[in-house]
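Using this note's numbering, read the sequence shown as starting at 31 and increasing by one per residue.
Every residue, glycine too, gets a C-beta built ideally from N, C-alpha and C.
Computed from a prediction, not measured in an experiment: that's the story for all the values here.
Structure record follows, encoded as structure tokens.
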Amino acid sequence: IDPHVACVWRTTSCSIAMFAGATGPHTVAATDVVFNDDLIKKLTDSAPFRRKQAADEVTEQVRQKAGQHAEVQRIITYFRAQLLDTSASVGCKKGGLIGLASVALGLQEE
31 IDPHVACVWR TTSCSIAMFA GATGPHTVAA TDVVFNDDLI KKLTDSAPFR RKQAADEVTE
91 QVRQKAGQHA EVQRIITYFR AQLLDTSASV GCKKGGLIGL ASVALGLQEE
């Protein structure tokens, strides 16, 4: 893949666009998979109980990585880059906000 070519794929109703060659504090590499597709689908689903299940999973994963600040930062960057900044879908933005709130809940005990 040419590093300057945008890779675009769909996760449920979310169009996630990411530049493979992009660098900076708020970018996630194309090979950097933080969460599986199933979790992202649940997080961006229209059913509230599925979003709640996904939020609980995110909170648990963050609690397991609470002492690893680089990993937690990577999770925050993932939600921001993949769901909030690059998506036009309201459902994806809502999922990104729920994900960030779940990270905050996971870090609450730290």
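Point to revise | Within the stretch 80–118, ranges of the alpha helix (DSSP H) (whole runs, at least 4 residues) | key: 99–109
Point to revise | Beta carbon of Val64 nearer than 7 Å to that of Gly136 | key: Mapped onto the sequence shown, residue 64 falls at position 34. Mapped onto the sequence shown, residue 136 falls at position 106. No, these two residues do not count as a Cβ contact at 7 Å.
Review point. If you draw a straight line from the C-alpha of Phe109 to the C-alpha of Leu127, how long is it?
Key: Here residue 109 corresponds to residue number 79 of the sequence shown, with the count starting at 1. Here residue 127 corresponds to residue number 97 of the sequence shown, with the count starting at 1. Roughly 8 Å between the two C-alpha positions.
Check your understanding: Per DSSP, what kind of secondary structure is Asp67 in: helix, strand or coil?
Key -> Translated into positions along the sequence shown, residue 67 becomes position 37. Helix, per DSSP.
Check your understanding: For Ala77, does the three-state DSSP call read helix, strand or coil?
Key -> The sequence position of residue 77 within the sequence shown is 47, counting from 1. In this structure, Ala77 counts as coil in the three-state DSSP scheme.
Exercise for review: Give the single residue among Arg80, Val88 and Asp67 whose Cα lies nearest to the Cα of Ile106.
Suggested key: Stepping through the sequence shown from its first residue, residue 106 is reached at position 76. It is Val88.
Exercise for review: Please list, in chain order, all residues of the same chain as Gly129 whose beta carbon is under 7 Å from its beta carbon, the five residues on each side excluded.
Suggested key: One-based indexing of the sequence shown puts residue 129 at position 99. Cβ within range, chain order: Leu73, Val88, Phe109 and Leu113.
Point to revise | Presumed contact (8 Å Cβ cut-off) between Gly125 and Ser76, rounded CB distance | key: Along the sequence shown, read from residue 1 onward, the residue named residue 125 stands at position 95. Along the sequence shown, read from residue 1 onward, the residue named residue 76 stands at position 46. So it is not a contact: roughly 10 Å between Cβ atoms.
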